[in-house]
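Take a look at the structure set out below.
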Amino acid sequence: MFARALGVVLAGLALVATGCSAEREWGGGAAPAGGAAKIGLITKTDTNPYFVGLRTEAEAAASAKNAEILSLAGQFDGDNDGQVRAIENFIQQGVSTILITPNSSSGVTDALARAEQAGILVIALDTPTEPAEAAEATFATDNFEAGRLQGAYAKAALGGQAPKVLMVDGTAGVSVSTLRHAGFLAGMGLADGAPEIRGTTNANGDQNLAQQGAENLLARSNDINTVYTMNEPTARGVHAALQPRGLADQVVMASIDGGCEGVAAVRSGQIRATIMQFPAKMAQLGVDAAVEHARTGTKPGGFQDTGSVVITDQPMPGIPSQSVAWGEQHCWGDR
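For the sequence shown, the residue numbers in mature numbering (1 follows the signal peptide of the UniProt record, and there is no 0) are -22 to -1, 1 to 313.
Dropping the structure here:
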């Protein structure tokens, strides 16, 4: 539900009811200091539960601060053109801040530059832009560290066995996928191209594509003991591919997200662990910064890591973690 601002109050000047819009008064679309925040939120998709949860939290945070928020999304993971159209839409609508989870870190930078030229504050959530300066600030998970925790947990859970790994990645060229992949390998102590990696496939973070990709890899070889999954929908798809082959209980599979469905999958044993992210914190920080910018003109800056926590009931020595019960209290999405 979108929160609707009741009005815009400018310092010492009230807008008269002449049909003249606030956007025209601002003359570039962005609210000056002393105005009410009008926020445009752009997520990667509106189907992935993670981004649905982030949007829900952002809308709730905006409502609590009497800020207006409008939400748009790409049609699929990697839909840069859709996100560019959303940016152009928000420039025309005269938002004061754009919050964006960019599909491609570099694919939307030209459009974001046009937004900044129009006086709009740009903040990245979940995924940094490339270059980082394309957004004024970023509130996100350190995705390399999340992947490293995932890999370190899997290595410890193998208990000294030589790893035989399938890697089910996200979307080629997307920084979140690249960073998690690299972090996982660092945690495992492996390098790309190592013989321990028995196969890789991209699944775009999609459960069905992950199942198909894993089935194709397993058709070549099922001599594996570890599976890397880029996110929890990917893990669900891989589990569906492993189960009929009798491999689901034999491999170490962890994931990344920390949604309530993912935590439930840890409890049921479908995955050994998940690395919890905190999209509500990203959303809250983004909305807070947008409201403060509209009120005072203050701009946030730099990268703020919103944290990642291993959730498991099978803790491993040297790997800090929290229990599934703790995860159930802090997870996001449908419970």
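Think of the CB as a built atom: it goes at the ideal place given N, C-alpha and C, for glycine as much as any other residue.
The alpha helix (DSSP H) enclosing residue i, as first and last residue numbers
i: GLY60; result: 58 to 71
i: PHE162; result: 153 to 166
i: LYS16; result: Element bounds for LYS16: not the alpha helix (DSSP H) but the beta strand (DSSP E), 16 to 21.
i: ARG126; result: 121 to 135
i: SER246; result: 238 to 246
i: VAL216; result: 210 to 220
i: THR87; result: 87 to 95
Separation of residue j from residue i, as counted between CA atoms
i: ASN200; j: VAL229; result: 10 Å
i: SER246; j: TYR28; result: 20 Å
i: MET166; j: LYS277; result: 39 Å
i: ARG158; j: VAL269; result: 32 Å
i: LEU195; j: THR204; result: 13 Å
i: LEU168; j: GLN128; result: 13 Å
i: SER299; j: ALA132; result: 13 Å
i: ASP55; j: ASP147; result: 13 Å
i: CYS309; j: VAL288; result: 12 Å
i: SER301; j: ILE234; result: 15 Å
i: ARG(-19); j: LYS43; result: Since pLDDT at ARG(-19) reaches only 33, below the 50 mark, its modelled position is unreliable, and the value read off the structure follows with that caveat. Going from the Cα of ARG(-19) to the Cα of LYS43 covers about 10 Å.
i: GLY275; j: GLY97; result: 11 Å
i: LEU187; j: THR21; result: 21 Å
i: ALA197; j: GLN61; result: 37 Å
i: GLN190; j: ALA110; result: 35 Å
i: ALA164; j: ASP170; result: 10 Å
i: LEU77; j: GLN139; result: 44 Å
i: SER286; j: LEU136; result: 22 Å
i: SER84; j: MET145; result: 24 Å
i: LEU225; j: SER155; result: 25 Å
Beta-carbon spacing of residue i, residue j below 8 Å
i: THR79; j: THR105; result: yes
i: GLY161; j: ARG126; result: yes
i: CYS238; j: ASP312; result: yes
i: SER49; j: LEU19; result: yes
i: THR212; j: ALA181; result: yes
i: LYS16; j: GLU35; result: no
i: GLY305; j: GLY236; result: yes
i: GLY177; j: MET208; result: no
i: residue 315; j: SER74; result: Here the chain has residues from -22 to 313 only, and residue 315 is not among them.
i: ALA219; j: ALA192; result: yes
i: ILE65; j: ALA93; result: yes
i: MET260; j: LEU99; result: no
i: LEU263; j: GLN282; result: yes
i: ALA150; j: GLY280; result: no
i: GLY52; j: PRO257; result: no
i: GLY296; j: ALA134; result: yes
i: ASN81; j: ASN58; result: yes
i: ALA124; j: GLN221; result: no
i: VAL143; j: GLU174; result: yes
i: ILE101; j: ALA113; result: yes
i: THR290; j: PHE117; result: no
Per DSSP, cross-strand counterpart(s) of residue i
i: GLU114; result: Answer is none; GLU114 lacks a bridge partner.
i: residue 349; result: This structure does not reach residue 349, given that the chain is present from -22 up to 313, and the question cannot be answered.
i: GLU46; result: LYS16
i: MET231; result: VAL205
i: GLY177; result: LEU144
i: TRP304; result: Answer by DSSP bridge pairing: none, since TRP304 is not bridged.
i: ALA251; result: ALA232
i: ALA268; result: Note: ALA268 sits in no beta bridge, so no partner.
i: VAL287; result: MET254
i: LEU77; result: LEU19, ILE101
i: ALA172; result: Answer is none; ALA172 lacks a bridge partner.
i: PHE51; result: The displayed chain sequence assigns Ala, not Phe, to residue 51. In DSSP, ALA51 forms a bridge with THR21.
i: SER299; result: VAL288
Residue i - containing beta strand (DSSP E), residue span
i: VAL100; result: 99 to 103
i: LEU196; result: Segment 185 to 198 is the alpha helix (DSSP H) holding LEU196; no beta strand (DSSP E) there.
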